[in-house]
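Following this line, the structure appears as structure tokens:
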């Protein structure tokens, strides 16, 4: 079982990096480069804590020449106490174009602690200088741009696609490498120190302002809080984040016409074209299905429509109806081609992204806030939470509550730049003849899961945490936490059907302290 889990995890990490980054382009790989997408070094997107490989420790960075022929001493930048940021990009790269304005803004805002350098890799025959000039002009780039003609920097930092941002610490070690920009404040050294600065601001900063928005979206309550120094900018950022969540809902809803339902309607007709975004998310969901041995399975929708948790009075589907629909359940039945952006469903099989779409929407909303320059925020969509930066200079404090006693906190987590997602049998349910029937279905039985009352997962992205929390409610504490212990930077708390609390090793001390207080 361990080999199966670790193999599935390896595949998932590669897929999740591509999915979260917006499918970074690899067209620009130099002709001499043999790296494949599977060789992407693992990093934690947006955290500024990428794992460095042995080749990441560099004794000397040396001097580099920009496009104007001016030499820049990167070692001198490090000696001055700055970290060096290398931004690998190409003029034809759409994700590069999207990220460029935010990176330019960061290069000016964090100039005291970060030295930015763009890197354009390729020979003179491969690089269109006129297109590069237009890109620089359109994006308003003011930091130096290096021509990496021999792909030396490309190979040195094991780049496989653009955009890629590499951050080098003052000791010459890579501390961040990812297709997405980091949270800049978390990787900016403070004065006289190589560690990250607090996002709490200083006496020279304008006063803090906070803006909050509450509304209904994706079938749940949404709350977005953003903290900064410009109220109008915060309002604009929140508007954009809400619009992004609505876009995700419209794309992935199973209750009205949508691109997702178009796939369901075409079941049995072979591979069907869809958006790259849906194809990536379906592929990611299938990997989590393998990781959890089918406890998370998007084909649950094949039987899910039999259950109506809003009916009054409630009605149970018949055993015969459930058994008839179960023959169409099984994530292995779904085919995805990420090159062609197609999904194939056999006749009778339906997919639903309800166990991952909400978390994905939270990830996308936070990405939009970041793109608008917000550095401190929380997005909460019905228990799927993602936090950024701090709450007026302090970590965000979030309580995990008991599913049967909402006044009782099982643990209070102090979080920054991470996610906490909770799923449970208390969200949508009805009771009939003394039995609780809830909306989290066990794909193997077609009936409400009986593994746990609730499960809370801490992870770096909300889509992964959302799917894992669903799986833990199916698997229960013993089997579920065995998977969690094998996952890097993931923790979980599970309340079993007797109300007892089970936690992963990283939360053990915190929960024990909470019990004794």
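In my numbering, the protein residues as written are 2 to 518.
Glycine included, every Cβ here is placed at the ideal spot set by N, Cα and C.
With respect to the 8 Å criterion, residue 228 and residue 392 are classified as neighbours on the basis of their beta carbons. Here residue 180 is buried. Its C-beta has 16 or more other C-beta atoms within 10 Å.
Residue nearest to residue 345 within the set 400, 147, 266, 324 is 266 (criterion: CA-CA distance).
Per DSSP, residue 138 lies in no beta strand (DSSP E) segment; the continuous alpha helix (DSSP H) that holds it begins and ends at 130–140. Contact fails between the region 307–326 and the region 487–495, because fewer than three Cβ pairs, one in each stretch, are under 8 Å apart. Burial check for residue 71: the Cβ neighbour count within 10 Å stays below 16, so the residue is exposed.
Less than 8 Å divides the Cβ of residue 86 from the Cβ of residue 117. Here residue 398 carries a strand assignment [DSSP, helix/strand/coil]. Pairing residue 366 with residue 286 gives a Cβ-Cβ distance that is not under 8 Å. In this structure, the alpha-carbon of residue 223 lies about 51 Å from that of residue 126. In the DSSP assignment, residue 116 falls within the beta strand (DSSP E) that extends over 115–122. Contact between residue 158 and residue 178 holds, with the beta-carbon distance rounding to 7 Å and staying under 8 Å. Distance check between residue 138 and each of 105, 269, 370, 420 places 105 closest, using alpha-carbon atoms only. For residue 502, the three-state secondary structure derived from DSSP is strand.
The region 52–105 contains, as complete alpha helix (DSSP H) runs of 4+ residues, the segments 75–80 (chain order).
Proximity to residue 160 across 107, 90, 111, 289 peaks at 90, based on C-alpha coordinates.
Excluding five sequence positions before and after residue 353, the CB atoms of its chain that fall closer than 7 Å to its own CB belong to 255, 299, 301, 302, 305, given in chain order. Within the same chain, 379, 388, 391, 415, 416, 417 come within 8 Å of residue 397 by CB-CB distance, once the 5 residues on both sides are set aside.
Going by beta carbons, residue 251 and residue 147 fall outside the 8 Å limit. Remark: three or more beta-carbon pairs, one from each stretch, lie closer than 8 Å, so the region 472–485 and the region 503–513 are flagged as touching. With respect to residue 496, residue 467 sits apart: the two C-beta atoms are not nearer than 8 Å. In the DSSP assignment, residue 177 falls within the beta strand (DSSP E) that extends over 175–179.
Within its own chain, the residues whose Cβ lies closer than 6 Å to the Cβ of residue 216, once the five positions on either side in sequence are excluded, are 223, listed in chain order. In this model, residue 343 and residue 357 are separated by some 19 Å (Cα to Cα).
Residue 296 is not bridged by DSSP to any residue.
Between residue 441 and residue 424, the CB-CB gap stays under 8 Å.
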